[in-house]
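Numbering (our numbering), first residue to last: 76 to 431. Where is the CB? At the ideal position from N, CA and C, for every residue including glycine. Structure first, commentary second.
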Ligand code: HEC
Ligand code: HEC
Ligand code: HEC
Ligand code: HEC
Ligand code: HEC
Ligand code: HEC
Ligand code: HEC
Ligand code: HEC
């Protein structure tokens, strides 16, 4: 692994004084120094019952040399990661499923178990009602508000100026070039959050170039908090959208409230435009009755209904028909957020059915 901080390990071992400090600060922490031969494995992060918003959970485990030869990580009884430990700390990111994740870490040496621990993480979602509220006893944990001197041995914990590089939707192509060359070396956040930009296929511009501090505030409480409503953050860069939508007669419910991140991940997501769900599923998630097949025609003409998916979009060539073929997800000057400049339903039909 070509990893800069890895080099430091060979000549940096904390002295006895550092160990004392560590012990004073952290009850769960077993000091790596002196524990290098057959010492005790210990979970450094996270604590049990944390609430998460993004689908990856960072985990760090101290594994003194010789204490284990195989580590298995399971999530809800599914084996997801196997590690052959070769570091005194093994750090990895666990992909989470929505809702409850029971994460179990098992370590073995010469075929017999030497460590077995279980903790829980709840991946919540504003979008989906059944995952909106974490169970009793679960809470957010703010890693960056805690003291983790043991991590600083190998990672840089103090942000640098270039973690906030200017990145506008217009200059993005140039920034991307920057990414391919120097980003991974210059970003402070990269060493721990690196999977954030590679786990999901659709990555948001500023995340792709590791401009994390464009949104996260260094001197906020908790540290790295993001301003609310989302529009206060999103519109600093998406100025065209801001101006365009502000001039419209109607804005869509969640947009009116400034909740951009209810549909778009600020970081990365499985669907185009960094959406949490494919467009049709996204809309029906909140407008369930429109997924019944009765929409448009069925509502008013009591016929079989109008297709809302599974057909080619006659206007946006190459795309599939979805709810967004007729409705603008953000704003419009026309009734029902129609995506076309039309005032009547008949004109709307004619945008796609030229002959009718
Ligand atoms: C002994 C050195 C060392 C210490 C101490 C250490 N790390 Fe790491 N960490 C690494 C190395 C090396 C990597 C790169 C991962 C690899 O090469 O497999 C890494 C990677 C990571 C990652 C990214 C994992 C991934 O695969 O996405 C996270 C998260 C992380 N460390 C968190 C922590 C935290 C939190 C602490 C303190 C509790 C910590 N580390 C302490 C050496 C260390
Ligand atoms: C030593 C590794 C490490 C480094 C370096 C690091 N983080 Fe983190 N960060 C973590 C861990 C561990 C968590 C908690 C677990 C998780 O969210 O997966 C976390 C959580 C967060 C959170 C959620 C709030 C919190 O405090 O738990 C934010 C926001 C965040 N990091 C931003 C950043 C930014 C921005 C940078 C770069 C300036 C950065 N981190 C650098 C390890 C690190
Ligand atoms: C466009 C704004 C934006 C950018 C850029 C951004 N974040 Fe975030 N981040 C947010 C918002 C908003 C949240 C609040 C929770 C959410 O909706 O995911 C958040 C939450 C987080 C969390 C906590 C996730 C959790 O599971 O609770 C972490 C970790 C994090 N960000 C790390 C980063 C890192 C690392 C970068 C740079 C690669 C970054 N962020 C870039 C807006 C941003
Ligand atoms: C620091 C500047 C910055 C901030 C803040 C920012 N964005 Fe972006 N956004 C970008 C860049 C750069 C791109 C990439 C443009 C490209 O791909 O050419 C982008 C792309 C997007 C895209 C995808 C557009 C496409 O055509 O694929 C969406 C959706 C988006 N941003 C939503 C948001 C939301 C929601 C927020 C607030 C949570 C936000 N952005 C905050 C800079 C920013
Ligand atoms: C109800 C869900 C939803 C909300 C809320 C939402 N968006 Fe979108 N957004 C979408 C969908 C769906 C698309 C893709 C549209 C398409 O397929 O043409 C999109 C596309 C975009 C794009 C790229 C295309 C364009 O129109 O420029 C940007 C940028 C964007 N959204 C930013 C934002 C910002 C900023 C906010 C908050 C003010 C926001 N979105 C709120 C659903 C949403
Ligand atoms: C997070 C929930 C949510 C999502 C996702 C969502 N909507 Fe909405 N939508 C609302 C809310 C809230 C309103 C306002 C309700 C009201 O005023 O009665 C609304 C209103 C509307 C209206 C306007 C009703 C009218 O006649 O003025 C249309 C059209 C609409 N949504 C279409 C969509 C489409 C298309 C999508 C997918 C791109 C979508 N919605 C996704 C919550 C959502
Ligand atoms: C072929 C165009 C078209 C498509 C596709 C379409 N709609 Fe509509 N939608 C309309 C029209 C026309 C209206 C006006 C109300 C009516 O007469 O049915 C409307 C009205 C609405 C309204 C507001 C009125 C009400 O009854 O609450 C919502 C919300 C809505 N649509 C959501 C959706 C969702 C969600 C989808 C995707 C499942 C979708 N639409 C797909 C044309 C369309
Ligand atoms: C965004 C484009 C779009 C709009 C706007 C639209 N339709 Fe359609 N419509 C389609 C597509 C695509 C099909 C499926 C055609 C196929 O099966 O190949 C369809 C199918 C139909 C059908 C089934 C018969 C046929 O031609 O295949 C009827 C009837 C229909 N539409 C009526 C309407 C009416 C009435 C309106 C206005 C309320 C309307 N449409 C608005 C795209 C649209």
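Residue i (DSSP reduced to helix, strand or coil)
i           : result
residue 120 : strand
residue 421 : helix
residue 317 : helix
residue 263 : coil
residue 330 : helix
residue 205 : helix
residue 392 : coil
residue 300 : coil
residue 407 : strand
residue 428 : coil
Boundaries of the beta strand (DSSP E) in which residue i is found, first to last residue
i           : result
residue 182 : 174–184
residue 134 : 131–137
residue 280 : Per DSSP, residue 280 belongs to no beta strand (DSSP E); it is in the alpha helix (DSSP H), 280–283.
residue 147 : 145–150
residue 218 : Note, residue 218: premise wrong, no beta strand (DSSP E); not H, not E.
residue 350 : Element bounds for residue 350: n/a, residue is neither H nor E.
Delimiting residues of the alpha helix (DSSP H) encompassing residue i
i           : result
residue 357 : 354–361
residue 310 : 306–312
residue 170 : Careful: residue 170 lies outside any alpha helix (DSSP H), inside the beta strand (DSSP E) at 164–170.
residue 227 : 224–227
heavy atom of ligand 6 below 7 Å from residue i C-beta
i           : result
residue 288 : no
Distance cut-off 7 Å: residue i Cβ against heavy atoms of ligand 5
i           : result
residue 354 : yes
Nearest-angstrom Cβ-Cβ length linking residue i and residue j, presumed shorter than 8 Å
i           : j           : result
residue 349 : residue 202 : So it is not a contact: roughly 13 Å between Cβ atoms.
residue 290 : residue 308 : 5 Å
residue 242 : residue 193 : Contact doesn't hold; Cβ gap of about 40 Å is too wide.
residue 244 : residue 312 : 6 Å
Residue i CB to nearest heavy atom of ligand 3 below 7 Å
i           : result
residue 127 : yes
residue 305 : yes
residue 291 : yes
residue 175 : no
residue 341 : yes
Heavy atom of ligand 4 within 7 Å of residue i beta-carbon
i           : result
residue 335 : yes
residue 281 : yes
residue 264 : no
Residue i CB to nearest heavy atom of ligand 7 below 7 Å
i           : result
residue 401 : yes
Cβ of residue i within 8 Å of any chain C Cβ
i           : result
residue 417 : Going by chain labels, chain C is absent from the structure shown, which holds only one protein chain.
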